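Trainee:
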Amino acid sequence: HLSFDNWNGISSFSGFDDFYGVDNFSGVISDQVVVEQQEEVVCESVSIEIVQQKLLVLQEIAKQIITEQVCDVETQTVVFQQFLSSSSHFSDDLLRTSGLQVGYDSGITSHFGSFYNADGSLSTYDLGFSGSDVGKSVVVPSGSNWNSASSPASVGNAFNAAVSAANGASA
Numbered sequence: 001h002l003s004f005d006n007w008n009g010i011s012s013f014s015g016f017d018d019f020y021g022v023d024n025f026s027g028v029i030s031d032q033v034v035v036e037q038q039e040e041v042v043c044e045s046v047s048i049e050i051v052q053q054k055l056l057v058l059q060e061i062a063k064q065i066i067t068e069q070v071c072d073v074e075t076q077t078v079v080f081q082q083f084l085s086s087s088s089h090f091s092d093d094l095l096r097t098s099g100l101q102v103g104y105d106s107g108i109t110s111h112f113g114s115f116y117n118a119d120g121s122l123s124t125y126d127l128g129f130s131g132s133d134v135g136k137s138v139v140v141p142s143g144s145n146w147n148s149a150s151s152p153a154s155v156g157n158a159f160n161a162a163v164s165a166a167n168g169a170s171a
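Take 1 as the starting number for the sequence shown in the UniProt record's numbering and just add one per residue.
1) Just to confirm before moving on: does the CB-CB distance between residue 132 and residue 35 stay below 8 Å?
2) Taking 8 Å as the CB-CB limit, is residue 20 close to chain C?
3) Since residue 23 sits in a beta bridge, which residues does DSSP pair it with?
4) Is residue 142 helix, strand or coil when you go by DSSP?
5) Leaving out the 5 sequence neighbours to the left and right, which residues in its chain are closer than 8 Å to residue 8 when beta-carbon positions are compared?
6) Label residue 69 either buried or exposed according to how many other C-beta atoms from any shown protein chain fall within 10 Å of its C-beta, with 16 as the threshold for buried.
7) The alpha helix (DSSP H) with residue 75 in it runs from where to where?
8) CB-CB under 7 Å to residue 32, same chain, minus the five flanking residues each way: which ones, in chain order?
9) With three or more C-beta pairs closer than 8 Å as the rule, is the region 107-124 touching the region 12-25?
10) What does the Cβ neighbour count give for residue 168, buried or exposed, with the cut at 16 atoms within 10 Å?
11) Cβ of residue 98 within 8 Å of Cβ of residue 111?
12) Could you give the DSSP three-state label for residue 105: helix, strand or coil?
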């Protein structure tokens, strides 16, 4: 297996493999624990522009974290690729091919408010979890229009069109 602990003797890689575990660079989740909600979480359709705005904020926060809190350029590169790779697993959930339910880990998302200090600077303290904790407190919102008969094909077509568009083709 490829280990990034102290990769090429670079000290900022110390403990890198501890986050998701050895041989799990991108944080593949094999099982989930779906948590019962006091109140059912139901998806609510909002303007796609609002969704795109929020996702762009998350993208730019990722860049801020990497450029302000990792000074070694090789480590910046590897940790960003790890972020992209781990994020991409959600596609398999959306396509219903991963065997996992489509949801998010509320134990992880609950830390969002801890990103910044009161003065607006990025916080530097340990949030108290590792990548292996993902999947232990999964919330699965209800209310999507998934149809087991037609959605596998239509979602597959949407995925392929999006990948083509990302690669420069017209949708």
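Just so you know, even glycine gets a beta-carbon here, dropped at the ideal spot from N, CA and C. For clarity, every value in this text was computed on a predicted model and none was experimentally measured.
Mentor: Inspection of the coordinates gives the following:
1) Here the question's residue 132 lines up with position 132 in the sequence shown. Here the question's residue 35 lines up with position 35 in the sequence shown. In this structure, residue 132 keeps its C-beta atom at 8 Å or more from the C-beta atom of residue 35.
2) Absent here is chain C; the protein component of the structure consists of one chain.
3) On the sequence shown, position 23 is the one that residue 23 refers to. The secondary-structure analysis by DSSP pairs residue 23 with nothing; it has no beta-bridge partner.
4) The sequence position of residue 142 within the sequence shown is 142, counting from 1. Looking at residue 142 - three-state DSSP - the assignment turns out to be strand.
5) Numbered from 1 along the sequence shown, position 8 holds the residue referred to as residue 8. 74, listed in sequence order.
6) Along the sequence shown, read from residue 1 onward, the residue named residue 69 stands at position 69. Note on residue 69: under 16 other CB atoms within 10 angstroms of its CB, so exposed under the neighbour-count rule.
7) Taking the first residue of the sequence shown as position 1, residue 75 is located at position 75. Start and end: 73-94.
8) As a working note, residue 32 is residue 32 in the sequence shown. 100, 101, 135, 138.
9) Between the region 12-25 and the region 107-124, the count of C-beta pairs closer than 8 Å stays below three; the two stretches do not touch.
10) Residue mapping note: residue 168 aligns to position 168 of the sequence shown, counting from 1. Its Cβ having fewer than 16 others within 10 Å, residue 168 is exposed.
11) Start at 1 with the first residue of the sequence shown, and residue 98 comes out as number 98. Start at 1 with the first residue of the sequence shown, and residue 111 comes out as number 111. For residue 98 and residue 111, no; Cβs fall outside 8 Å.
12) Here residue 105 corresponds to residue number 105 of the sequence shown, with the count starting at 1. In the three-state reduction of the DSSP assignment, residue 105 falls in the strand class, which pools E and B.
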